[in-house]
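Numbering (the working numbering), first residue to last: 2 to 177.
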């Protein structure tokens with residue numbers, strides 16, 4: 002079996018190297034620049050936020066899942082369980098390389114993140130997306146998220162209909 006035929010795997014990490022950060026930023030840029038015209042403002046925003054998150058990734062309430070094949074990062078999803086305050090987690094940097102689309106990786110990564118939040122006693126998971134991400138929004142809805150806020154905005158350099166989704170875990174958390 003050659004390297005390109007090896008299956009991708011999902012791993013949870015609590016440290017983030019500069020190389021991995023560059024690959025996550027690159028995945029986002031390749032997708033969002035090509036498909037939606039996002040540019041330098043988006044790159045600066047995602048890089049700054051990822052660097053900040055990397056400095057607190059080792060906190061027990063934070064986690065990052067990577068879809069990998071060999072040393073290549075093909076997807077990411079993070080739970081930031083610190084920035085929104087007690088009991089509230091933020092799902093961030095969820096992206097998959099097109100080679101992994103429709104193969105269950107997104108569903109698995111999202112399920113892992115939700116399970117992590119339940120185990121750690123979060124009452125809610127928040128995420129920001131925008132209306133043109135149809136497949137992602139459908140995945141969120143299938144996992145019980147609902148859209149609770151939307152407004153036109155250009156925080157990423159292009160005007161889109163930004164949406165905030167919320168999943169309430171209040172009745173599902175594993176109380177310790």
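We treat Cβ as the ideally placed atom computed from N, Cα and C, and that holds for glycine.
The model shown is predicted, which means the values in this text are computed figures rather than measured ones.
- Unbroken beta strand (DSSP E) runs of no fewer than 3 residues, entirely contained in the segment 15–85, are found at 64–70, 73–81, following chain order.
- By a beta-carbon distance limit of 8 Å, residue 75 contacts residue 101. Their separation comes to about 6 Å.
- Per DSSP, the continuous beta strand (DSSP E) segment holding residue 127 begins and ends at 125–131.
- One alpha carbon belongs to residue 36, the other to residue 155, and they sit about 16 Å apart.
- Between residue 89 and residue 123 a beta carbon distance of about 7 Å is seen, short of the 8 Å cut, so the two are scored as contacting.
- The Cβ atoms of residue 42 and residue 145 lie no closer than 9 Å to each other.
- Take the alpha-carbon of residue 169 and the one of residue 33: they are about 28 Å apart.
- Going by C-alpha positions, residue 86 is about 31 Å away from residue 105.
- Nearest to residue 40 by alpha-carbon distance, out of 138, 9, 26, 130, is 26.
- Under the three-state reduction of DSSP output, residue 135 falls in the helix class.
- The Cβ neighbour count for residue 77, taken over all protein chains shown within 10 Å, is at least 16; the residue is labelled buried.
- Close CB contacts of residue 51 within its chain, under the 8 Å cut and outside five residues either way in sequence, are with 17, 22, 25, 26, 94 (chain order).
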